[in-house]
Each structure stands twice: as structure tokens, then as C-alpha cells.
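Per my numbering, the sequence shown runs over residues 5 to 92.
Here the structure comes first, spelled out in C-alpha cells, and everything after it is commentary.
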Amino acid sequence: MYVTAIHQITDPEKFRQGVRAATPPASEFPAGIVLHSMFSNPDDTKAVCLWEAETVDAVRDLVASVVGQFSQNEYFEVNKETALGLPD
Numbered sequence: 005m006y007v008t009a010i011h012q013i014t015d016p017e018k019f020r021q022g023v024r025a026a027t028p029p030a031s032e033f034p035a036g037i038v039l040h041s042m043f044s045n046p047d048d049t050k051a052v053c054l055w056e057a058e059t060v061d062a063v064r065d066l067v068a069s070v071v072g073q074f075s076q077n078e079y080f081e082v083n084k085e086t087a088l089g090l091p092d
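Right, dumping it as C-alpha cells:
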């Protein structure tokens, strides 16, 4: 399934550091979890990520462990029937 994470970032620099440390090639995500894209606003106080995982909870657990202390996060399963631009 595809999962969207919406981040309200409270500490942009620490958020970026956490993302850099956790993303390949610096590290590997758990098996079955793929980050397809991340988009942030100009001052890096908001971001939206598109993930692929077995469950929303799998993404929630990973994100919380990496950047949870630097952002308020919201998650939802993407409706594949109405979505535009999903990876093949």
C-alpha cells in the first residue's frame, strides 16, 4: 500500500539530519518499506512524503523513530483508485 506522511516540522535542521542519517545509502529502511518521494516548503517547516509499506503503522513507527521528536506527523493510506502520479 502507499502511505502519505504529512510533517509539521518544529526543528528543520534536526529533521534534515535525521532524514539524512536514516535514508539510503547512509542507512537502510526495514524490509518492505520504501520512501518514494519527499517534498518540503522553502523554509523546511512542512513536508509531505510518499511511502510504500505493508501498513500505515509500519511507516508511523519508522518515522517516529527517526524524526518524531522534531515534527508533528499525520498519516493516511492513499486511495489508489483516485490517486495521480503513483510510482509504477
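Every residue gets a Cβ at the ideal spot worked out from N, C-alpha and C, and that includes glycine.
Taking 4 residues as the shortest admissible run, the stretch 31 to 82 contains the following complete alpha helix (DSSP H) segments, listed from N- to C-terminal end: 60 to 71. Counting the other CB atoms within 10 Å of its CB gives residue 51 a total of 16 or more, which places it among the buried residues. A Cβ-Cβ distance of about 6 Å is found for the pair residue 13 and residue 48, placing them in contact under the 8 Å criterion. If you compare the alpha carbons of 83, 90 and 75 with that of residue 17, the shortest gap goes to 75. Per DSSP, residue 9 is not a residue of any alpha helix (DSSP H); the beta strand (DSSP E) it occupies stretches across 6 to 13.
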